[in-house]
Each structure stands twice: as C-alpha cells, then as structure tokens.
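In what follows, a single structure is set out as structure tokens and then discussed.
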Amino acid sequence: DAVVKISILAKASSTPTNGVPGLDMEQLPEQFRRFFEQLPQNPAPGPAPGQPRGAGFGSGFIISEDGYVITNAHVVDNAAEIRVGLHDRREYEAELIGSDPASDIALLKLEADGLPVVTMGDSDSLRVGEWVLAIGSPFGFEHTATQGIVSALARSLPDDTYVPFIQTDVAVNPGNSGGPLFNTDGEVVGVNSQIYSRSGGYQGLSFSIPINVAISIADQLKENGFATRGWLGVGIQNVDQALAESFGLSKPSGALVTQVTANSPADNGGLVIGDIILKFNGKSVNYSSALPPIVGAVRPGKTVEVEVLRNNKSTLLNVTIEPLDEGQKVSMREKPDPVDESRLGIKAVDLDQEQRESMNVDTGVAVSTVMPNSAAADAGIRQGDVIVSLNREKVDSVDELERLVRDAPDNQAIPVLVQRNNAPMFLALMLPKATG
Numbered sequence: 038d039a040v041v042k043i044s045i046l047a048k049a050s051s052t053p054t055n056g057v058p059g060l061d062m063e064q065l066p067e068q069f070r071r072f073f074e075q076l077p078q079n080p081a082p083g084p085a086p087g088q089p090r091g092a093g094f095g096s097g098f099i100i101s102e103d104g105y106v107i108t109n110a111h112v113v114d115n116a117a118e119i120r121v122g123l124h125d126r127r128e129y130e131a132e133l134i135g136s137d138p139a140s141d142i143a144l145l146k147l148e149a150d151g152l153p154v155v156t157m158g159d160s161d162s163l164r165v166g167e168w169v170l171a172i173g174s175p176f177g178f179e180h181t182a183t184q185g186i187v188s189a190l191a192r193s194l195p196d197d198t199y200v201p202f203i204q205t206d207v208a209v210n211p212g213n214s215g216g217p218l219f220n221t222d223g224e225v226v227g228v229n230s231q232i233y234s235r236s237g238g239y240q241g242l243s244f245s246i247p248i249n250v251a252i253s254i255a256d257q258l259k260e261n262g263f264a265t266r267g268w269l270g271v272g273i274q275n276v277d278q279a280l281a282e283s284f285g286l287s288k289p290s291g292a293l294v295t296q297v298t299a300n301s302p303a304d305n306g307g308l309v310i311g312d313i314i315l316k317f318n319g320k321s322v323n324y325s326s327a328l329p330p331i332v333g334a335v336r337p338g339k340t341v342e343v344e345v346l347r348n349n350k351s352t353l354l355n356v357t358i359e360p361l362d363e364g365q366k367v368s369m370r371e372k373p374d375p376v377d378e379s380r381l382g383i384k385a386v387d388l389d390q391e392q393r394e395s396m397n398v399d400t401g402v403a404v405s406t407v408m409p410n411s412a413a414a415d416a417g418i419r420q421g422d423v424i425v426s427l428n429r430e431k432v433d434s435v436d437e438l439e440r441l442v443r444d445a446p447d448n449q450a451i452p453v454l455v456q457r458n459n460a461p462m463f464l465a466l467m468l469p470k471a472t473g
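Counting from 1 along the sequence shown, just add 37 to a position and that's the residue number in my numbering.
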C-alpha cells in the first residue's frame, strides 16, 4: 500500500520534435535522431513553445504518515508538475523538497496525513544470494512485483562514484525507477535506480541504491533542501598484482594514493602520495572504487580513523572530513632537447616552473620518447607522461632520474608515479641489470 506511482509533466523543451508529437529528440540514439531531423517541421500537433510537454512516470514509496516520499532524482528531473498515485487510487500533487543527482535520490512531500508507510531495513546486513522483491510501475503497469536475488554488493558504476549499488537479477524496467526493493521480511533495503541494457529493457542486471544511503540523503534533503557528502581530497587508483609486489603487499588490496590536494582533509591529516588506504572509518577498502562511497557517507566535520600502508608498515591517521568540492583541470606542454635514459628506455626532458604549474605538478620530467620493448614500455609509460617519482623518491630533473635509475634494484618491481592527461597514476616498473 505504501508504494506509489509517480507521474510528471515535464517543462517545455526548446528541442524541435520535427512533426512527431511527444518525441524527445534528446532521448533518441544518434542514428534515429539523424533520421527524424530530416523530417519536415510540423508544430501543430505538439505543445506550443513554453508550455509543459510529455508525461513521464516512475515509482516511489511513502516513508512517513504525513506524506514524505522517496523516489529517484532522474524520475522528477525537469518536472513542471509531479502527481503521486496511491494504491487506493487517490492522487496528490507533490512538492519537490529536494533532489540529489549524485546519489539519484529525490524527496517529495504530499499534503496528506495517516498514509501507509514502508518498513525500513538495514542494507548493510544484506548478503549475496538473498531473495529480494521489487514493486513499481514498469511501463506504467502499477504495483507490479518482480523477484530475484542479490547478485553483488557495493557495485561501483562509472558515472556514480558515491553510490555502492546493490546488484540484483530482479526484473526492473522503465517505470520501476524510484520504487522499493524489499527483503523477505518485507523491509525496504534499496531504491531501484538503474538497469544494464542494450535494448532499453531488462537484461538480467539491475542496480539499487542501498536504503541506508537513501535515508541519509533524504534526511539531508528534508533538513536543508540539498545534500552534502564528505570530501577527502585524494586521487586514487586500484592496486594490481605488480603494484602490490612493488609496495610490499602480500596481495592486491586497498586504494593507492596518487595525489593529495593541498590543504585538503587528507593533506591536513597526514596522508601522502604512495600511501595505500586499507581501512577508512572502520570499513575495509579492498578496491579503490570502494573508497569514494565510504568517504561520501561521512558527514562533514566528523573525524575518522584511516589505516594506511606506508613504507611496508601499517599507520593510523586521524582525518577530519570536509564538504565535497569538485576538482580542477590543468594543461600540458612539452619542451625540446631530450636526454636519453637508456636503462629505463625513454628520452626525458626537464620542465621549467611555468610548465610544472601548467601541468599541476611540483616536480617531474616529461617523457618525449619511449623505446619499444624497453622496461618503460613494459611498465606502461607513454610519450607525454610526466615522471614525478621513482621508487618513492621525487624526480626533480633528468639528472636526478638518471641517478635513481642507476641506483634502482635489478629485476624487482618498483613503483613509478607519472602524471598522464592531468591525472596521476602509479605503474610497476622492473628494470633490467645495468650494463657498462
């Protein structure tokens, strides 16, 4: 009874429909868009410019008797009017309290009282293999139930850094978005959000926002009208087998710090480039993708304990989290007169201060050439990379790089930090025995 159907009337679009009523050109695949763009204009059947257009729909669920409803942010995005239909066929116009695109959660308010509410579960207690049930309005068919199992937990998707998705094989289709995912005790454990599909319909993979994340965001939306999330201020990458060996780990694990923003929580807390974050706020970080949602879930102002591996030793740090602030962009330039680095297998050039500032590095040399079948090529070093450090020591000049390469051990994986396309990353380098 607490599951609702959400219907929206979207705001007017300036995109022409080319004579096809209700057609949203922005939602079409490129090949179809080109076809419809060739059709003659015929504005008569569609809405006049500036008028609301098109009806969309999704799902949601009531979390309080006085009418608060959770749904997806993308369901109500660009809505001029939102209407919520209940199980007993009553309808209400809803007020949008707040929307958080980063987590895809929106909070609505109905002017009503004594409404049925869902029972909240604990998404942190979910286990792979548990049976789950989705209820929503796929393709507009109200109160449709589909079932399956939890396929994976804490799944990271490319465009959703701050959500550790629940992956299921429950049939979720357009219209299910924003509806609840129940466990077998009838408790809501997730908010259905996305599907993996090549056809536009269900193909065996669906993704839900954990209810613990959704409630945290909804509480912030109710209190402030917007949501904030924790910011650490590091760049990270995953640890593969070669990097694990070069840093002295027994197996690949953790988030390798490739960049620390000046005056960030990480910088103020003592994190440095080359640290491997193993635990954050008491939670294990097995993959680098696991760290952002853990950090994002921490309220700004809270001090948390961070366990890092540094110089083959475990170190505990206390870091005070701040509100998230987006990153920055830098440009890259080159300088001529390369110097040969034969053992490493590159030609490198020094950078002046202006070039370093434009590349957002404090130190480093630029790689102008990578020799085929060299140690550098095997490690993945590319032309245009900036070598920032080698074997945990800064590279201030080509002369310094020559010394570090000369002193480096033979046939043993060592870490090399490079800046590539404005982003730092570690590579595992194995140098051959020096000759001459």
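Built from N, CA and C at the ideal position, the CB exists for glycine as well.
Am I right that residue i and residue j are in contact with their C-beta atoms under 8 Å? What's the rounded C-beta distance?
| i | j | result |
| --- | --- | --- |
| isoleucine 232 | serine 243 | 5 Å |
| tryptophan 268 | proline 360 | 6 Å |
| asparagine 109 | valine 169 | With a Cβ gap of about 18 Å, asparagine 109 and valine 169 do not count as contacting. |
| serine 230 | isoleucine 246 | 5 Å |
| glycine 356 | valine 345 | Looking at the sequence provided, one finds valine at residue 356 rather than glycine. The pair is not a contact, with the Cβ atoms about 10 Å apart (cut-off 8 Å). |
| leucine 163 | valine 226 | 6 Å |
| valine 40 | glycine 185 | Contact flag wrong, Cβ pair sits at about 17 Å. |
So, using beta-carbon positions, are residue i and residue j closer together than 9 Å?
| i | j | result |
| --- | --- | --- |
| isoleucine 45 | valine 106 | no |
| glycine 216 | valine 228 | yes |
| arginine 380 | alanine 416 | no |
| glycine 270 | aspartate 304 | yes |
| alanine 327 | alanine 450 | no |
| isoleucine 203 | serine 136 | no |
| valine 121 | alanine 171 | no |
| leucine 133 | alanine 116 | yes |
| serine 140 | alanine 264 | yes |
| methionine 157 | glutamate 260 | no |
| threonine 503 | valine 207 | This structure leaves residue 503 out entirely; the chain is present only between 38 and 473. |
| valine 343 | asparagine 318 | yes |
| arginine 429 | proline 452 | yes |
| glycine 333 | tyrosine 199 | yes |
| alanine 191 | proline 175 | no |
| valine 435 | glutamine 420 | no |
| glutamine 456 | valine 398 | yes |
| isoleucine 273 | serine 325 | yes |
Just tell me which of the options has its CA closest to the CA of residue i.
| i | options | result |
| --- | --- | --- |
| glycine 97 | Ala117, Asp422, Ala131 | Ala131 |
| proline 446 | Glu430, Val343, Pro469, Arg457 | Pro469 |
| leucine 102 | Asp150, Ala116, Glu430, Pro175 | The identity of residue 102 in the sequence shown is glutamate, whereas the question assumes leucine. Of the candidates Asp150, Ala116, Glu430, Pro175, the one whose C-alpha sits nearest the C-alpha of glutamate 102 is Asp150. |
| arginine 440 | Leu427, Thr205, Lys316, Leu152 | Leu427 |
| lysine 350 | Pro153, Ser287, Asn323 | Ser287 |
| leucine 293 | Phe463, His124, Ile172 | Phe463 |
| alanine 47 | Asp38, Gln420, Thr265, Phe94 | Phe94 |
| glycine 307 | Leu354, Ile313, Asp277 | Leu354 |
| isoleucine 119 | Val432, Lys316, Lys42 | Lys42 |
| isoleucine 424 | Leu466, Glu391, Asp444 | Leu466 |
| valine 432 | Val165, Gln420, Val404, Lys316 | Val404 |
| glutamate 148 | Leu315, Asn323, Ser290, Glu128 | Glu128 |
| proline 211 | Leu218, Gly177, Ile186 | Gly177 |
| aspartate 256 | Thr205, Ala414, Ile142 | Ile142 |
| leucine 315 | Val40, Val309, Ser290 | Ser290 |
| glutamine 296 | Phe284, Asp312, Ser283, Ile331 | Asp312 |
| asparagine 458 | Pro175, Met408, Met396 | Met396 |
| glutamate 167 | Leu194, Asn249, Thr205, Arg192 | Thr205 |
| serine 193 | Pro461, Ile331, Pro302, Asp422 | Ile331 |
| threonine 352 | Val309, Asp387, Val335, Val386 | Val309 |
| threonine 400 | Leu388, Pro409, Asp125, Ser174 | Leu388 |
| alanine 414 | Val402, Asp422, Gly382, Gln392 | Gly382 |
| phenylalanine 284 | Arg347, Asn275, Ile252, Arg266 | Arg347 |
How far does the alpha helix (DSSP H) with residue i in it extend, from its first residue to its last?
| i | result |
| --- | --- |
| glutamate 391 | 390-395 |
| aspartate 415 | 412-416 |
| glutamine 257 | 248-261 |
Where do the N-terminal and C-terminal ends of the beta strand (DSSP E) with residue i fall, by residue?
| i | result |
| --- | --- |
| aspartate 137 | 132-137 |
| asparagine 229 | 224-233 |
| valine 169 | 168-173 |
| leucine 354 | 350-357 |
| threonine 340 | 340-347 |
| valine 402 | 402-407 |
| valine 183 | It should be pointed out that residue 183 corresponds to threonine in this sequence rather than to valine. Here the beta strand (DSSP E) through threonine 183 covers 181-194. |
| leucine 361 | Element bounds for leucine 361: n/a, residue is neither H nor E. |
| leucine 46 | 40-47 |
| arginine 385 | The question names arginine, but residue 385 is alanine in the sequence shown. Element bounds for alanine 385: 383-387. |
| proline 337 | From DSSP, proline 337 is part of no beta strand (DSSP E); its letter is neither H nor E. |
| phenylalanine 219 | 217-219 |
Which whole runs of the alpha helix (DSSP H) in the segment 423-470 are 4 residues long or more, in chain order? 435-444
Starting from the N-terminal side, write out each stretch of the alpha helix (DSSP H) that is 4 residues or longer and does not extend beyond the segment 100-163. 110-113
What ranges does the beta strand (DSSP E) occupy inside the segment 270-329, keeping only unbroken runs of at least 3 residues that lie completely in it? 271-275, 292-297, 313-317
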